[in-house]
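Enquirer:
Residue numbers (the numbering used here): 373 to 747.
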């Protein structure tokens, strides 16, 4: 038992240290990844876990026996029996559950038990990469990414690693061999995020989606997709992540501007007679409201078109994919309602509406057509 009372989950601040806690939100709407902010920054190699982790301080949200049992059942269903590997997956589970609470709840409620640990591992890996590429001065980010990529490629060559996150990814890759090709693509194009500060044209934005957003999203989506994709599944994922990224860049205007970034193309600003200076100063100029409506409406149209994805994934995953699309649409509605107020901070989907989506999906997925229960 780890320090938090869940099998294989030592206290993370004891294990990693405070330097591993940062934030990332660069991918627009990845599966199993909502808009909870904050993600552990693992920019330096993880030290070995202590033999007996110190007890974690109670936060008042100690996992219940039911949730502990459910996670252990998920590990069993996935065939993850080796104690150290269970601990490695537990580390990723605790981080995802702590920093992406709404997202973890969606996966916990809607995924088949055997799939949950693997989706958690892929989510942790993707967001660690996001964090390395998105946090700190460019030179620091480039160095951190280079070290990380080297560690990952070495593990791919040797089949072993000292890092718990990489170990879980290697095991998940064994269960889903198609993930190897997806990972290679991601590693080869992810540095596109290092160069990003703003886009001149819509074409520049689309190139960013192709080079960074889509490969990162596919790390998770490939676990849910068909064994042999005829191209339709990837195209549907492209539609979804384009819409999600566009919504994310619009919803996160305030934070991006503070960081010296802008995800709305300059040519789109010009169409509405809005300048970067207007946005940075928080001036709700005449065209700002129209600009936001334009961007969010385009995102909403894409999300509605992405509904086709629910028919392209295997039956046990349809509830999760459908719920994620619905929650993104709720976020779009909230962003439209906030309008120029996005210059002060992002909009969030209503809690009641989000829970309604999740629990309605849970009822439908309680027993999948294959007979496999959700988590």
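Just so it is clear, CB atoms sit at the ideal spot from N, CA and C, and this is done for glycine as well. Remember, it's a predicted structure, so these values are computed and weren't measured experimentally.
Kindly indicate which residue of 475, 449, 704 and 533 has the alpha-carbon position closest to the one of residue 624.
Expert: Taking the chain shown and counting its residues from 1, one reaches residue 624 at position 252. Comparing Cα-Cα distances from residue 624 to each of 475, 449, 704 and 533, the minimum goes to 704.
Enquirer: Rounded to the nearest angstrom, what separates residue 567 and residue 643 at their Cα positions?
Expert: Taking the first residue of the chain shown as position 1, residue 567 is located at position 195. Taking the first residue of the chain shown as position 1, residue 643 is located at position 271. In a straight line, the C-alpha of residue 567 is about 25 Å away from that of residue 643.
Enquirer: Can you tell me which residues form a DSSP beta bridge with residue 672?
Expert: For the purposes of this step, residue 672 is taken as residue 300 along the chain shown, with counting starting at 1. DSSP, once it has assigned bridges, lists no residue as partnering residue 672.
Enquirer: Provide the residue(s) that pair with residue 570 in DSSP beta bridges, ordered along the chain.
Expert: Taking the chain shown and counting its residues from 1, one reaches residue 570 at position 198. For residue 570, which the question treats as bridged, DSSP gives the partners 634.
Enquirer: Pop quiz: residue 588 and residue 558 are said to be a contact at Cβ under 8 Å. What is the actual Cβ separation, rounded to whole angstroms?
Expert: Position 216 of the chain shown, counted from the start, is the residue given in the question as residue 588. Position 186 of the chain shown, counted from the start, is the residue given in the question as residue 558. 6 Å between Cβ atoms; contact.
Enquirer: Going by Cα to Cα distance, which pick from 735, 530, 651 and 531 is closest to residue 711?
Expert: One-based indexing of the chain shown puts residue 711 at position 339. Answer by Cα proximity: 651.
Enquirer: Mind checking whether the beta-carbon of residue 613 lies closer than 7 Å to any heavy atom of the ligand ATP?
Expert: For the ligand ATP, the structure offers nothing, since it holds no ligand at all.
Enquirer: Per DSSP, what kind of secondary structure is residue 509 in: helix, strand or coil?
Expert: Within the chain shown, residue 509 is the residue found at index 137, counting from 1. Reduced to three states, the DSSP call for residue 509 is coil.
Enquirer: When you compare each of 508, 599, 542 and 607 to residue 524 by their alpha carbons, which one comes out closest?
Expert: Taking the first residue of the chain shown as position 1, residue 524 is located at position 152. Closest by alpha carbon: 542.
Enquirer: Among residues of its own chain, excluding the 5 on either side of residue 497, which ones have a beta-carbon nearer than 7 Å to its beta-carbon?
Expert: Your numbering for residue 497 matches position 125 in the chain shown. These residues qualify, in order along the chain: 537, 541 and 591.
Enquirer: Rounded to whole angstroms, what is the Cα-Cα separation between residue 583 and residue 488?
Expert: Locating residue 583 in the chain shown gives position 211, counting from the first residue. Locating residue 488 in the chain shown gives position 116, counting from the first residue. If I take the Cα positions, the gap works out to 27 Å.
Enquirer: Can you tell me the Cα-Cα spacing of residue 515 and residue 574, whole angstroms?
Expert: Reading the chain shown from its first residue, position 143 is the one you call residue 515. Reading the chain shown from its first residue, position 202 is the one you call residue 574. If I take the Cα positions, the gap works out to 29 Å.
Enquirer: Just verifying my parser: in three-state terms, what is the DSSP assignment at residue 533?
Expert: Within the chain shown, the letter at position 161 stands for residue 533. In the structure shown, residue 533 sits in coil (DSSP, three-state: anything other than H, G, I, E or B).
Enquirer: CB-CB under 6 Å to residue 539, same chain, minus the five flanking residues each way: which ones, in chain order?
Expert: Here residue 539 refers to the residue found at position 167 when the chain shown is read from its first residue. Here the set comprises 460 and 533.
Enquirer: Could you check whether residue 684 and residue 605 sit closer than 8 Å to each other, using their CB atoms as the reference points?
Expert: Taking the chain shown and counting its residues from 1, one reaches residue 605 at position 233. Taking the chain shown and counting its residues from 1, one reaches residue 684 at position 312. Yes, these two residues count as a Cβ contact at 8 Å.
Enquirer: What distance in whole Å lies between the Cβ atoms of residue 482 and residue 691, which are believed to be in contact at a cut-off of 8 Å?
Expert: For the purposes of this step, residue 691 is taken as the residue at position 319 of the chain shown. For the purposes of this step, residue 482 is taken as the residue at position 110 of the chain shown. Yes, residue 691 and residue 482 are in contact; Cβ-Cβ is about 5 Å, under 8 Å.
Enquirer: My output table needs one value for residue 452: the three-state DSSP class, helix, strand or coil.
Expert: Position 80 of the chain shown, counting from 1, holds the residue named residue 452. Reduced to three states, the DSSP call for residue 452 is coil.
Enquirer: Counting C-beta neighbours from all protein chains within 10 Å, is the total for residue 451 16 or more, i.e. buried, or is it exposed?
Expert: Stepping through the chain shown from its first residue, residue 451 is reached at position 79. Exposed is the call here.
Enquirer: Since I believe residue 611 is in contact with residue 667 (beta carbons under 8 Å), could you give me their beta-carbon distance rounded to a whole number of angstroms?
Expert: One-based indexing of the chain shown puts residue 667 at position 295. One-based indexing of the chain shown puts residue 611 at position 239. With a Cβ gap of about 16 Å, residue 667 and residue 611 do not count as contacting.
Enquirer: Is residue 435 helix, strand or coil by DSSP?
Expert: Your numbering for residue 435 matches position 63 in the chain shown. Model confidence at residue 435 stands at a pLDDT of 44, short of 50, so the residue's coordinates are unreliable; what they give is reported in the following sentence. Correct three-state label for residue 435: coil.
Enquirer: Can you find the residues in the same chain that come closer than 6 Å, C-beta to C-beta, to residue 654, ignoring five residues on each side of it along the sequence?
Expert: Working through the chain shown from its first residue, we reach residue 654 at position 282. Closer than 6 Å at Cβ, skipping near neighbours: 715.
Enquirer: Determine whether the beta carbon atoms of residue 638 and residue 569 lie at a separation below 8 Å.
Expert: Your numbering for residue 638 matches position 266 in the chain shown. Your numbering for residue 569 matches position 197 in the chain shown. Result no, Cβ atoms of residue 638 and residue 569 do not sit closer than 8 Å.
Enquirer: Could you give the distance in angstroms between the alpha-carbon of residue 735 and the alpha-carbon of residue 695?
Expert: Numbered from its first residue, the chain shown carries residue 735 at position 363. Numbered from its first residue, the chain shown carries residue 695 at position 323. Going from the Cα of residue 735 to the Cα of residue 695 covers about 12 Å.
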